[in-house]
């Protein structure tokens with residue numbers, strides 16, 4: 066078990082996360098909750114509006130030619 070201390074950062078409390086417990090990503094948001102005497106930090110759930118923003122990148126003619134015709138695959142019955 067790693068140990069750390071709480072310190073003041075502006076008007077907030079902060080805690081230094083030891084290297085062995087650091088998150089892999091620094092480019093996403095994390096949510097923090099209190100459960101009794103524990104504080105839990107986990108990656109924030111992605112919202113659907115973020116997904117919708119990805120579709121903006123598609124042009125109006127995206128898939129205008131349709132999909133390529135592929136033969137149906139025979140599958141084994143269950």
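In the working numbering, the protein residues as written are 66 to 143. Glycine included, C-beta positions come from ideal geometry on N, C-alpha and C. No experiment lies behind these values; they were computed from the predicted model shown.
Three-state secondary structure assigned by DSSP to residue i
i	result
residue 115	helix
residue 100	strand
residue 120	helix
residue 136	coil
residue 89	coil
For residue i, the residue or residues it bridges with in DSSP
i	result
residue 78	73
residue 108	95
Whole-number beta carbon distance between residue j and residue i, since they are thought to touch under 8 Å
i	j	result
residue 85	residue 67	6 Å
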